[in-house]
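Peer 1: I have a structure I would like to understand better, so I am pasting it below and will then ask my questions one at a time.
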Amino acid sequence: MASCESITGGGIGWVLTSIAGSSSVFRGGLITYATDLKVSLAGVDEHYVAGHGVINETTARQMAAGARQLCRADVAVAATGTAGPEGQDGVPPGSVWLCVSAPERTLTRHVTLSGDRCLVRRATVRAALELLSDTLVEG
């Protein structure tokens, strides 16, 4: 398992590694908070980003796929969004795209969260882990 995180700044990896024994399944993660790192580390298409920004389904999918490949993991979870107080790329605060990339399927989910930065970031971690759980249970 691996992660590629923007809005959560490593929060998903932190929660996953807080579980005893997680070292047997969690390979690592990318914290691609800056847009250029989404491109250079996670392999997000820079031309797509130039035209569409980074808070969208395509970016989340590419982040998850990039983390899977770079970390040599079977499954990767990704999160991109804006926690506020201001929006980004014309996207309002609280808008988050999540993706889980697994061998046989890729699932995405858009969530709109409310609250201050801290609450939005915490809720993003929770939503990402729920999507990961849904993917693994259904997969």
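Per UniProt numbering, residue 1 is the first one in the sequence shown, and the count goes up by one each step.
Think of the CB as a built atom: it goes at the ideal place given N, C-alpha and C, for glycine as much as any other residue.
By the DSSP assignment, the alpha helix (DSSP H) with A50 in it spans what residues?
Peer 2: 46-52
Peer 1: Report all residues from its chain with a CB closer than 8 Å to the CB of A60; omit the five preceding and five following residues, and keep chain order.
Peer 2: A78, A79, T80, W97, L98, C99, T108
Peer 1: How many angstroms separate the CA atom of G29 from the CA atom of D89?
Peer 2: 25 Å
Peer 1: Identify whether I12 lies in helix, strand or coil by the three-state DSSP scheme.
Peer 2: helix
Peer 1: So, helix, strand or coil for R27, using DSSP?
Peer 2: For R27, the three-state secondary structure derived from DSSP is coil.
Peer 1: Measuring only the C-alpha atoms, how far is V44 from K38?
Peer 2: Using only the alpha carbons, I get a separation of about 6 Å.
Peer 1: Can you grab the Cα-Cα spacing for the pair C118 / E138, in whole Å?
Peer 2: 30 Å
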